[in-house]
Amino acid sequence: MNDLDCTPEQKLKGAVSLLRDEAYQWWLTVKEGTQPDRLTGEFFKTTFQSKYVRASYVDAHRRGFLNLTQGDQSVAEYEAEFLRLSRYT
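Going by the numbering used here, the sequence shown opens with residue 521, and the numbers climb by one from there.
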């Protein structure tokens, strides 16, 4: 969503629009119990990850980021992996 020229509110609405079934119902419950000024993209990301992404998964990717070396990869391949793993830091 960072590549889209959207306001933070539009980005949040876009992310929520991708939720389905139980995840969407979960978000409605979270939204109902949260003050409107706290409903930001960062709040959504943090709350969503704590609910649906296992800590061990995030930790493994963080370790992968910290241990990342270029090795035999091209610069482009290394950069792509760096960017992919940097989301978990």
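Where a beta carbon is used, it is the ideal one built from N, C-alpha and C, also for glycine.
Keep in mind that this is a model prediction, so the values were computed, not measured.
Where Q545 falls: helix, strand or coil (DSSP): As a working mapping, residue 545 is identified with position 25 in the sequence shown. Looking at Q545 - three-state DSSP - the assignment turns out to be helix.
Going along the chain, which residues of its own chain have a beta-carbon closer than 7 Å to the beta-carbon of W546, five neighbours each way excluded? As a first step, residue 546 must be located in the sequence shown, where it is residue number 26. A distance below 7 Å between beta-carbons, with the five flanking residues on each side excluded, links W546 to the following residues of its chain, in chain order: K571.
DSSP state of Q590 mapped onto helix, strand, coil: In the sequence shown, the residue the question calls residue 590 occupies position 70. Reduced to three states, the DSSP call for Q590 is coil.
Q569 (DSSP reduced to helix, strand or coil): Indexing the sequence shown from 1 puts residue 569 at position 49. Three-state DSSP puts Q569 in a helix.
On the three-state DSSP scale, how would you describe L613? Limits of the chain in this structure are 521 at one end and 609 at the other, which puts residue 613 out of reach.
Between which two residues does the alpha helix (DSSP H) containing G534 stretch? Your numbering for residue 534 matches position 14 in the sequence shown. Start and end: 528 to 537.
How many angstroms separate the CA atom of G553 from the CA atom of N587? To locate residue 553, count along the sequence shown from 1; it is residue 33. To locate residue 587, count along the sequence shown from 1; it is residue 67. About 39 Å.
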